[in-house]
Amino acid sequence: MNLHAAPDPVDELPLYVPHRKIYPQSVQGIFRKIKWWLLAFCLGVYYFLPFVRWDRGPGVPNQAVLIDFPSRRFYFFDIEIWPQEVYYITGLLILAALVLFLMNSVAGRLWCGYLCPQTVWTDLFYGIERWVEGDRRERIKKDHEPITAWRVGEIVLKHWLWLMIAWWTGGAWVLYFADAPTLIKSIATGQAPTVAYVWIGILTFTTYSLAGFMREQVCVYMCPWPRIQAALTDEWALNVTYRYDRGEPRAHVKEAKKLRAEGQPAGDCVDCGQCMAVCPTGIDIRKGAQLDCIMCGLCIDACDRVMEKVGRPTGLIAYDTDDNCQRRARGEAPVYRPLRPRTLIYVGAIVLVTAVMMWSLATRTTTSLNVLHDRNPLVVALSDGAVRNGYTVRLLNKQQSPRSFTLAVEGVPRPHIEVVGIDTPAGEAPRVAIGPDTTRELRVLVTVPADAAAGLARSSDVTFRIIDEHGASASASAHDHFVAR
Amino acid sequence: MATEHKEIDAVSGMATTGHEWDGIKELNTPLPRWWLWIFYACIVWSIGYWVVYPAWPLITTHTKGVLGYSSRAALAQDMAALAARRGEAGRALAEASLEDIRKSPDLLAFAMAQGKAAFGDNCAPCHGLGATGSKGFPNLNDDDWMWGGTLDAIHFTIAHGVRSDDPDTRVNTMPAFGKDSILTKDEIGTIADFVLSISGQTPGAGADLEKGQQLFADNCAVCHGEEGKGNPELGAPNLTDRIWLYGGDRASIVATITNARAGVMPTWKNRLDEPTIKALTVYVHALGGGK
Chain A
1 MNLHAAPDPV DELPLYVPHR KIYPQSVQGI FRKIKWWLLA FCLGVYYFLP FVRWDRGPGV
61 PNQAVLIDFP SRRFYFFDIE IWPQEVYYIT GLLILAALVL FLMNSVAGRL WCGYLCPQTV
121 WTDLFYGIER WVEGDRRERI KKDHEPITAW RVGEIVLKHW LWLMIAWWTG GAWVLYFADA
181 PTLIKSIATG QAPTVAYVWI GILTFTTYSL AGFMREQVCV YMCPWPRIQA ALTDEWALNV
241 TYRYDRGEPR AHVKEAKKLR AEGQPAGDCV DCGQCMAVCP TGIDIRKGAQ LDCIMCGLCI
301 DACDRVMEKV GRPTGLIAYD TDDNCQRRAR GEAPVYRPLR PRTLIYVGAI VLVTAVMMWS
361 LATRTTTSLN VLHDRNPLVV ALSDGAVRNG YTVRLLNKQQ SPRSFTLAVE GVPRPHIEVV
421 GIDTPAGEAP RVAIGPDTTR ELRVLVTVPA DAAAGLARSS DVTFRIIDEH GASASASAHD
481 HFVAR
Chain B
1 MATEHKEIDA VSGMATTGHE WDGIKELNTP LPRWWLWIFY ACIVWSIGYW VVYPAWPLIT
61 THTKGVLGYS SRAALAQDMA ALAARRGEAG RALAEASLED IRKSPDLLAF AMAQGKAAFG
121 DNCAPCHGLG ATGSKGFPNL NDDDWMWGGT LDAIHFTIAH GVRSDDPDTR VNTMPAFGKD
181 SILTKDEIGT IADFVLSISG QTPGAGADLE KGQQLFADNC AVCHGEEGKG NPELGAPNLT
241 DRIWLYGGDR ASIVATITNA RAGVMPTWKN RLDEPTIKAL TVYVHALGGG K
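Residue numbers (the UniProt record's numbering), protein chains in the order written: chain A, 1 to 485; chain B, 1 to 291.
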């Protein structure tokens, strides 16, 4: 191509393109089947998970998955996360990103094509549209015909069904934040908190507008992942690929037969346009990999059915790589490398992060202690020459029963420990009671007598220790300093 | 515009916008039209905003908006709501005794928080943010109290002050022994040496401790006690410990005896409400020195 040739003048193009409505055709095949099953599974989990009960004992929510904002707890089956353990969520996000990268390096946009909520809900809404208004041809025809009463009824029914699903979507969302049966009752009787209705409204609106109207526009214009995905992919990642080595040159069935009989080259693509008709983003996969392609595999199903009918081998559109098309065109055998450094590194990272999270989850304690030395004053000299340091001590009891601890300080000679608000008999260690599943903050004063303090360095390391009165195993300790002067 | 013609980029097959920089031409990748509609919707929204909220500056004032909203009024409302909420929790403080507050974990946490804030606002200028005081302003962390370190004594001191205009104010009256010519310079030095000796320090060379003890018994013991251990009832400090409000070296003690000291603290009962004074009391007591 001559880059310096004078370009053809064309008419002014608009700065903004009008929306082109897409009418995907129904299709049958293995990928369609996978998509239906995944859709049922994902939506089933989303809509019904809040109703799963999980017994945690009296006084504790019995909802299996619950984000309890008022009491600042996240319950996930047997796991209870406190706000200061939010790093588990960070770990999950890292894991999610790594899994996304792995999917991408193995088979392209598996997330976009099968699992993304935008894809799943759009697919469901298309299903309803098809059920109410008919398949592609009928919908195109109806959109160009004058409106009849019957047509109005169809449109109303479709939007009503969409809105019901959208409303149910918003409703299911809020159920994750409160006891589901109770909240449903209070929503039904109009006594739920305003925030519940607001969130149902917001998610009803987003589901209805994004899955009913925005659809592929979300993927093409709003979503950052296609841009990131393009930068993360490599020549070995399987993508939904039109095998131009086999398909070109395109020729209709009879024409192809004639060409083959004459010994002329003829591709398998019969140019039937089925791949474009079924595409939910309305693209032509034969133009190669492109940002708009969510790689849902529906064009594979459509093409395979056509290939079966015309008696050619299936797989003209398949999960493959562009390099393999070129290899075949050169008469070489295709090469597949699912195991390569990139995928192995991702798998290794996923295993590592999972192992770290599991280990930290398995070894976390139900008792914990935080100590903070007073900033001002660092040290207080008393009238008899004794030296006192003040600390803010926070105890955490993550068990579902009230407990009692004795508090000890090690690292300085003959410490006298006083807890503000708790009277301790002379010569005894202070005893601290703490309620179930809660924390308690204490002001603790540690005094070292004058003669003992004289021998101390300016700062000594001290260890605070709490010991469960019913078993020393469930104890905790924390380190800080004692400042002597 | 129809007469203008756009060119097609030879490599990509896309139209260009006609903009060109050093031979590089910008491709026209048009945005969807709904994007433009959202922009228009935002403009419409902003018009609604102008109508509802204060928006346009005028010469001496501004458009007020039909809601009559102002951030100043919103602040006042929030402050009033806070005062009402604090009033409720403050009632619990007002009703409970000081000892009950100290013993109840919930009330203690509330009183400590409120006390800390009130201390920073009202007391820190003299006593310091950490209540460590300085010369002439007592350290409230230690266990040495001029007017007593029990909850009740601390409460009384905060409420009525020292040498304040409150009729029940705490007052201690130490004579200016030197300035008023009650004692001679030598006698004052002798007393200072004796005071050094009872507080575990080394008196000056050749000090006559016996005479000093006699002079102390005659002039000082009436308030500070025979042994110099002080009396919180009279605001007479303990002279035998290691804590000195005005300095414990010989020169400082001589200066104190010569000129006397008269510390002041305002009465707070007219400036702060009772729950705040109670919270301050519990806070100061919990600093560590409370008896």
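The C-beta atom is built at its ideal place from N, Cα and C for all residues, glycine as well. What you are looking at is a predicted structure, and each value in this text was computed from that prediction instead of being measured.
- Beta-carbon to beta-carbon, Gly-153 (chain A) and Trp-199 (chain A) are separated by about 32 Å, too far to satisfy the 8 Å threshold.
- When Cβ-Cβ separations below 8 Å define contact, Arg-271 (chain B) makes no contact with chain A.
- Within chain B, the residues Ala-286 have their CB atoms less than 7 Å from the CB of Arg-443 (chain A), given in chain order.
- Neighbours of Ala-207 (chain B) in chain A, taken as residues whose beta carbon is under 7 Å from its own, are absent, since the nearest beta carbon is some 23 Å off.
- Note that the C-beta distance between Arg-250 (chain B) and Gly-200 (chain B) is not below 8 Å.
- Distance between Tyr-197 (chain A) and Ala-180 (chain A), taken at the CA atoms: about 14 Å.
- Among the bridge pairs identified by DSSP, Trp-21 (chain B) is matched with B:Ile-24.
- Between Ala-381 (chain A) and the set A:Gln-118, A:Ile-283, A:Pro-449, A:Gly-134, the nearest pair of CA atoms involves A:Pro-449.
- In the structure shown, Val-156 (chain A) falls within a helical segment according to DSSP collapsed to helix, strand and coil.
- Cβ neighbours of Ala-89 (chain B) within its own chain (closer than 7 Å, five residues either side excluded): Phe-110.
- Look at Ile-243 (chain B): its C-beta is under 8 Å from a C-beta on chain A.
- Residues of the stretch 121 to 132 of chain B with a C-beta less than 9 Å from any C-beta of chain A: Gly-128, Leu-129, Gly-130, Ala-131, Thr-132, listed in chain order.
- Taking 8 Å as the CB threshold, Pro-237 (chain B) stays off the interface with chain A.
- Per DSSP, the beta bridge partners of His-481 (chain A) are A:Asp-461.
- At a cut-off of 8 Å between C-beta atoms, Pro-18 (chain A) counts as an interface residue with respect to chain B.
- The alpha-carbon separation between Pro-54 (chain B) and Leu-175 (chain A) amounts to approximately 38 Å.
- Contacts with chain A (Cβ-Cβ distance below 9 Å) from the stretch 138 to 163 of chain B involve Asn-139, Asn-141, Asp-142, Asp-143, Asp-144, listed in chain order.
- Only those residues of the stretch 90 to 107 of chain B whose C-beta falls short of 7 Å from the nearest C-beta of chain A are listed: Arg-102, Lys-103, Pro-105.
- Under DSSP, the beta-bridge partners assigned to Leu-372 (chain A) are A:Thr-392.
- Val-446 (chain A) is positioned such that its CB atom lies closer than 8 Å to that of Pro-415 (chain A).
- Between the C-alpha atoms of Asn-397 (chain A) and Gln-25 (chain A) there is a straight-line separation of about 58 Å.
- The DSSP assignment places no complete run of the beta strand (DSSP E) inside the stretch 121 to 152 of chain A (cut-off: 3 residues).
- In the DSSP assignment, Asn-104 (chain A) falls outside any beta strand (DSSP E) and within the unbroken alpha helix (DSSP H) covering 87 to 107.
- CA-CA distance, Gly-113 (chain A) to Trp-236 (chain A), rounds to 19 Å.
- If you look at Asp-78 (chain A), you'll find it isn't in any alpha helix (DSSP H); DSSP assigns it neither H nor E.
- Against chain B, the CB of Val-380 (chain A) has a partner CB under 8 Å away; the residue lies at that interface.
- For the 8 Å CB-CB criterion, Tyr-46 (chain A) and Pro-32 (chain B) do not form a contact.
- Using beta-carbon distances, Asn-370 (chain A) does not count as an interface residue toward chain B, since no partner is under 8 Å.
- Where Arg-440 (chain A) is concerned, the enclosing beta strand (DSSP E) starts and stops at 438 to 448.
- Sequence-distant partners of Ala-478 (chain A) (beyond 5 residues in either direction) whose C-beta falls short of 7 Å from its own C-beta, in its chain, are Leu-369, Asn-370, Val-371, Phe-464.
- With respect to Pro-224 (chain A), Thr-122 (chain A) sits apart: the two C-beta atoms are not nearer than 8 Å.
- Contact annotation, Ala-107 (chain A) with Leu-238 (chain A): C-beta distance approximately 4 Å; criterion of less than 8 Å satisfied.
- At a cut-off of 8 Å between C-beta atoms, Gly-44 (chain A) does not count as an interface residue with respect to chain B.
- Residue pairing of Tyr-47 (chain A) in beta bridges, as defined by DSSP: absent, with no partner found.
- Burial is judged here by how many other beta carbons sit within 10 angstroms of a residue's own beta carbon; Arg-102 (chain B) has at least 16 and is buried.
- Distance between Asp-218 (chain B) and Leu-456 (chain A), taken at the CA atoms: about 42 Å.
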